[in-house]
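Colleague: Residue numbers (our numbering): 56 to 267. Glycine included, each C-beta is placed from N, C-alpha and C at the ideal position. Structure below; questions to follow.
Here it is as structure tokens:
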């Protein structure tokens with residue numbers, strides 16, 4: 056019974072964090088108080104305080120939880136092989152902006168606030184570790200050492216987030232173009248299949264040039 060109660064507590068808390076974060080993302084961090092959050096969650100203010108010590112605690116925990124779920128969504132769209140890599144790089148920035156743009160804007164509003172900056176530092180240290188593990192999972196699929204993949208993931212993430220924040224098409228395209236060239240070089244260097252016409256043709260399409 057205790058385990059079931061703990062599971063129910065965690066499930067309910069996760070649900071509240073999700074709804075509160077979405078409410079903040081939609082209306083702004085300074086525009087919603089505890090009453091507005093409670094209304095969005097369909098509960099009372101007192102109920103929220105059974106899960107969080109205060110509003111700061113709610114903001115800190117909900118930001119970390121919800122952005123970790125955004126990471127999970129991103130990782131779930133991982134390329135399955137070299138050819139799928141081109142699809143992934145082309146689609147992910149626009150998918151990120153459409154599905155998670157408001158969440159990214161809120162995250163930076165939270166983590167750049169002097170009150171929450173230390174929590175942002177802790178969160179992004181975890182991001183470094185998680186995306187390194189993500190790169191390791193991609194290594195056997197792409198044939199590229201994870202040490203090379205890891206910094207490219209951060210370049211891609213930066214481009215995605217910047218576009219989600221500002222919809223800056225020039226910045227996005229310039230970053231993605233350089234990323235694509237680097238990926239092509241790494242594929243040619245580390246993956247034997249890159250010497251075949253199939254992957255070379257895909258890389259040419261990737262650059263906007265139809266293979267002969």
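With residue 109 as the anchor, note down where its alpha helix (DSSP H) starts and where it stops.
Modeller: That residue, residue 109, is in no alpha helix (DSSP H); it is neither H nor E in DSSP.
Colleague: Does the stretch 123-133 come close enough to the stretch 181-195 to have 3 or more Cβ pairs within less than 8 Å?
Modeller: Yes: the two stretches touch, three or more of their Cβ pairs being nearer than 8 Å.
Colleague: Are the beta-carbon atoms belonging to residue 190 and residue 208 less than 7 Å from one another?
Modeller: Contact: yes.
Colleague: What is the DSSP secondary structure of residue 205, reduced to helix, strand or coil?
Modeller: Reduced to three states, the DSSP call for residue 205 is helix.
Colleague: Decide if residue 64 is buried, meaning its Cβ has at least 16 other Cβ atoms within 10 Å, or exposed.
Modeller: It is exposed - the Cβ of residue 64 has fewer than 16 other Cβ atoms within 10 Å.
Colleague: Give me, in chain order, the residues of the same chain whose beta-carbon lies closer than 8 Å to that of residue 213; leave out the 5 immediate sequence neighbours on both sides.
Modeller: 230, listed in sequence order.
Colleague: Taking C-beta to C-beta, are residue 201 and residue 194 nearer than 7 Å?
Modeller: In this structure, residue 194 lies closer than 7 Å to residue 201 by Cβ.
Colleague: Using the Cβ count rule (16 or more neighbours within 10 Å means buried), how would you classify residue 61?
Modeller: It counts as exposed.
Colleague: Using a Cβ-Cβ cut-off of 7 Å (strictly less than) and excluding sequence neighbours within five positions of residue 74, which residues of its own chain qualify?
Modeller: Excluding positions up to five away in sequence, the list reads 95 and 96.
Colleague: Contact defined as beta carbons within less than 8 Å: I believe residue 152 pairs with residue 245. What is the distance between those atoms, to the nearest angstrom?
Modeller: Not a contact, Cβ separation roughly 30 Å.
Colleague: Taking only the alpha-carbon atoms, compute the straight-line gap between residue 116 and residue 243 and give it to the nearest angstrom.
Modeller: C-alpha separation (whole angstroms): 43 Å.
Colleague: Which residues in the same chain have their Cβ closer than 8 Å to the Cβ of residue 170, if we skip the five residues on either side of it in sequence?
Modeller: Around residue 170: 111.
Colleague: With DSSP collapsed to three states, give me the class of residue 70.
Modeller: DSSP places residue 70 in helix when its eight states are reduced to three.
Colleague: From residue 79 to residue 177, what distance separates their C-alpha atoms?
Modeller: If I take the Cα positions, the gap works out to 21 Å.
Colleague: Leaving out five residues before and five after residue 255 in sequence, what residues of the same chain have Cβ atoms less than 6 Å from its Cβ?
Modeller: Low confidence applies to residue 255: its pLDDT is 48, below 50, so where it sits in the model is not reliable, and the reading given next is rough at best. Taken in chain order, the list of residues that qualify is empty.
Colleague: So what does DSSP say about residue 155, is it helix, strand or coil?
Modeller: Of the three classes helix, strand and coil, the one that applies to residue 155 here is helix, per DSSP.
Colleague: Would you mind sorting residue 158 into buried or exposed? The rule is 16 or more other CB atoms within 10 Å of its CB.
Modeller: Flag for residue 158 reads buried.
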